[in-house]
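Chemist: Under my numbering, the residue at position 10 of the sequence shown is numbered 23, and the numbers go up by one with no gaps.
Sending over a structure as structure tokens; questions will come in a sec.
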Amino acid sequence: MIGSLFKLKYVDHDSKEQIWIIKLELCSEQDYQLKDVYRSMKEQVDKSINLFEPGNALFRMGELDKAEKYYQKLLREGPPAHREFMPHEKF
């Protein structure tokens, strides 16, 4: 989930298998030490939600067909506020 916080509990490297072993613990919103961090992250996520961003990322990666399909789907199925960008005769 976006915005999840984990405590790093353990880190080890298995040199034989050439892998890192990391143990994490999902933090609770009630964790006293992290309340300020949670509040700040929630504010940032709420301000930065942008439904156009996945299409923008595809465009920047040169995946123009996929970006166009994403934008068209967003205009057809997304929130009504985004339909202002689509020509009216398509409705």
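All C-beta atoms in this analysis are idealised placements derived from N, C-alpha and C, irrespective of residue type, glycine included.
1. Spell out the partners DSSP gives residue 21 in its beta bridges.
2. Which same chain residues end up closer than 8 Å to residue 100 when comparing Cβ atoms and leaving out the 5 residues on each side of it in sequence?
3. Between which two residues does the alpha helix (DSSP H) holding residue 68 run?
Modeler: According to the data block:
1. Beta-bridge analysis with DSSP links residue 21 to 37.
2. With a pLDDT of 49 at residue 100, under the threshold of 50, the predicted position of this residue should be treated as unreliable, though the coordinate-derived value follows. None.
3. 66-73
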